[in-house]
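Numbering (my numbering), first residue to last: 4 to 248.
This is the structure:
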């Protein structure tokens, strides 16, 4: 019995030595050309339970989040724009005079039209012991204008300081008279008469032409000149053709 026990122990020791001398297998990861095979154990999932719907939904979200191709900025410059840039860069520079004209305001070249110059009119009437000059600087349509009647006494005569000098205008002739009281009456009393020393005086007739051409300013001037011995009263007809622009 003791021999059998020793024999069994020897067999066990021999088996242990044989097992220790076996070569260690090379790990699978040492081969660079092959990926290790991983075995997954567990309960298989039925095909009906696979998250196909969620996968398709995720794909839809990803697809919709991507910007459309039309919204992407165009990086390339159109050929027409490149051609225009090349033409502009190759064109010769404009001279300073041309640039100054181009930069000037558009309305600077249109010089204001000067108004047509007025054409004066005058006439002289000579009487006994006096002269009467009717004159106007010229008029414009629908603009107030004047005619002056300047009386100059001659010889030993002088202006009558007591006489009510008065001009009564004749309506018509393309003229609207502008008297301060009666529109057709101009007088010493209304301030239209002004003495200029002993020998001269001027009465001013105001009017407005209503049409271009020649305005006929006419009427009757009642006036007087005196000497140391007597006074002379006159009723002088007046007519002056005034150019109207």
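Here a beta-carbon is modelled for each residue, glycine too, at the ideal position from N, C-alpha and C.
At which residues does the beta strand (DSSP E) containing residue i begin and terminate?
i: residue 217; result: 216-229
i: residue 246; result: 234-247
i: residue 130; result: 124-130
i: residue 148; result: 148-156
i: residue 203; result: 203-212
i: residue 172; result: 169-172
i: residue 136; result: 133-139
i: residue 198; result: 196-198
i: residue 1; result: For residue 1 there is no data in the structure shown, the boundaries of the chain being 4 and 248.
i: residue 183; result: From DSSP, residue 183 is part of no beta strand (DSSP E); its letter is neither H nor E.
i: residue 190; result: 188-190
Under 8 Å Cβ to Cβ from residue i, same chain only, skipping five residues before and after it: list those, please.
i: residue 208; result: 149, 150, 151, 152, 170, 172, 180, 189, 195, 220, 222
i: residue 176; result: 218, 219, 220, 221
i: residue 122; result: 141, 246, 248
i: residue 231; result: 159
i: residue 213; result: 144, 145, 177, 178, 179
i: residue 124; result: 138, 139, 141, 243, 244, 245, 246
i: residue 193; result: 182, 183, 184
i: residue 174; result: 180, 187
i: residue 119; result: 248
On the criterion of 16 or more Cβ atoms from any shown chain inside 10 Å, does residue i qualify as buried, or is it exposed?
i: residue 204; result: buried
i: residue 142; result: buried
i: residue 156; result: buried
i: residue 241; result: buried
Once you ignore the five residues that flank residue i on each side, which residues in its own chain have a CB closer than 6 Å to its CB?
i: residue 166; result: 227
i: residue 126; result: 137, 243
i: residue 186; result: 180
i: residue 236; result: 227
i: residue 197; result: 205
i: residue 225; result: 169, 238
i: residue 117; result: none
i: residue 191; result: 167, 168
Leaving out five residues before and five after residue i in sequence, what residues of the same chain have Cβ atoms less than 7 Å from its Cβ?
i: residue 211; result: 145, 146, 147, 148, 179, 181
i: residue 201; result: 161, 162
i: residue 233; result: none
i: residue 199; result: 205
i: residue 130; result: 237, 239
So residue i and residue j are in contact, right, with Cβ under 8 Å, and what is the actual spacing, rounded?
i: residue 160; j: residue 133; result: 7 Å
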